[in-house]
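Heads up, the thing below is written out as structure tokens.
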Amino acid sequence: EFLDLRLVNGNDCAGRLEVFYNGTWGSICSNHMSQLTAITACKHLNCGDGGEIDKDFKYGRGSGPTWLDHIDCNKQHSSLWHCQSDPWDPQSCDNRAEETHISCTGNYKCVCTGPPKHTETCACISTQKCVFFADREKLRVVGGEDVCSGRVEIWNQGSWGTICDDSWDIADANVVCRQLGCGSAVSALSEAAFGEGTGPIWLEKIHCKGTELSLWDCPSKPLFGKNCDHKEDAAVDCSEEQLLDHLILHLLLLCFHSDLPRQPETQNVRISAPVIVCVILGALLCLVLAILAGQIRSARAQKR
């Protein structure tokens, strides 16, 4: 059996609630449904952290089976499948007036398919899909040799999840590497090159130009359904140039920074022998680190 959830006759975050079960889309009944259940459905659909049950039935009546009734969710439920309900029955509702119509609300930024469009309430046009990210800057790579290579993961709805490698290319990887402070991308890897993830798969078909400052600025498609599995997790291998450059600059500043007390201009300032020795040793240390950084880059390039 395959389960999916959608809102129809409105937009991606408002409409008549339908569930895909046993090969057929059907309605969900609203008997005894609470606002908390509507909110859970909105979270399940990545449509924010708020929701209301519409009583005016403005999204029309369904024509298929009415699969579920008496759904009861609590605050611990993040998915409608975790909530209690009556057994599956193609005639759960007594009539079409009992079908569930909901409108979701949220105050998060969204990533939409098609041309980039960012709004506060995810009011995307009808041809676009939305996915909310409350923690927009939560991005990491896992399973690689260092903090600049590995499986790409993003934080959403309280858990880390992966990105499907459909359409994953060097432009997408460049944006990830830049956002991580790891320079440019050496390669965009697919087919779980750094191992398979275990959490959700949040996004697929990301289309970056390569010049964006953040992955959230790229058009993408939220993954609804079973179009991808963890064998297709996307990954990156970054050059680490920015990371090494920042480290060397920081060490140079440490080497040549002096906290010697200032003397009146009329007096001669004598620098003691130990201070001179420290400056020389610091300069030599920075030179060694610079050479080491170059060797690391060369070794990584040869390995690839």
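Counting with the UniProt record's numbering, you get residues 1 to 304 for the letters of the sequence shown.
A virtual CB, placed ideally from N, CA and C, is assigned to each residue, including glycine.
query: For ARG6, I'd like the list of residues in its chain whose CB is within less than 6 Å of its CB, leaving aside the five on either flank, ordered along the chain.; result: GLU18
query: Among the residues of its own chain, which have a CB less than 6 Å from the CB of ASP259, if the five just before and after it don't count?; result: Residue placement at ASP259 is poorly supported in this model, since its pLDDT is 44, which falls under 50; the coordinates still yield a value, given next. Excluding positions up to five away in sequence, the list is empty.
query: In its own chain, which residues sit with a C-beta less than 6 Å from the C-beta of THR105, not counting the 5 before and 5 after it?; result: GLY48 and GLY50
query: Starting from VAL142, follow its DSSP beta bridges and name the residues at the other end.; result: ARG151
query: Cβ of GLY26 within 7 Å of Cβ of TYR59?; result: no
query: Pick out whichever of GLY150, GLY197, TRP216 and ALA192 has its Cα sitting closest to the Cα of ALA185.; result: GLY150
query: Can you have a look at ASP4 and say buried or exposed, based on whether 16 or more other CB atoms are within 10 angstroms of its CB?; result: exposed
query: At 3 residues or longer, and completely inside the UniProt domain "SRCR" (5-105): list those beta strand (DSSP E) runs for me, N to C.; result: 14-21, 24-28, 50-53, 66-68 and 101-105
query: Are the beta-carbon atoms of HIS32 and HIS70 separated by less than 7 Å?; result: yes
query: Do LEU68 and SER34 have their beta-carbon atoms positioned less than 7 Å apart in this structure?; result: no
query: How is CYS238 classed by DSSP in three states: helix, strand or coil?; result: strand
query: For my contact list, TRP202 and ILE163 are in at a C-beta cut-off of 8 Å; report their separation, rounded to the angstrom.; result: 7 Å
query: Enumerate in chain order the residues of its own chain whose CB-to-CB distance from LYS138 is below 7 Å, with the five nearest sequence positions on each side excluded.; result: ILE154 and TRP155
query: Starting from ALA171 and walking both ways along the beta strand (DSSP E), at which residues does that stretch end?; result: No beta strand (DSSP E) holds ALA171; the alpha helix (DSSP H) holding it covers 170-179.
query: Would you mind working out which of THR198, ALA188 and ALA192 sits nearest TRP160, comparing C-alpha positions?; result: THR198
query: Per DSSP, which residues does LEU189 bridge with? Please list them.; result: ALA235
query: Quick one: give me the first and last residue of the beta strand (DSSP E) that TRP202 is part of.; result: 201-204
query: Determine, using beta carbons only, whether residue 324 and SER79 come nearer to each other than 7 Å.; result: Nothing can be reported for residue 324, as the shown portion of the chain is limited to 1 through 304.
query: Which value, in whole angstroms, describes the spacing of the CA atoms of ASP72 and SER85?; result: 6 Å
query: State buried or exposed for ARG61, treating a residue as buried only when at least 16 other CB atoms are found within 10 Å of its CB.; result: exposed
query: GLY181 and SER239 - do their beta-carbons sit closer together than 7 Å?; result: no
query: Does GLN295 come out as helix, strand or coil in the three-state DSSP assignment?; result: helix
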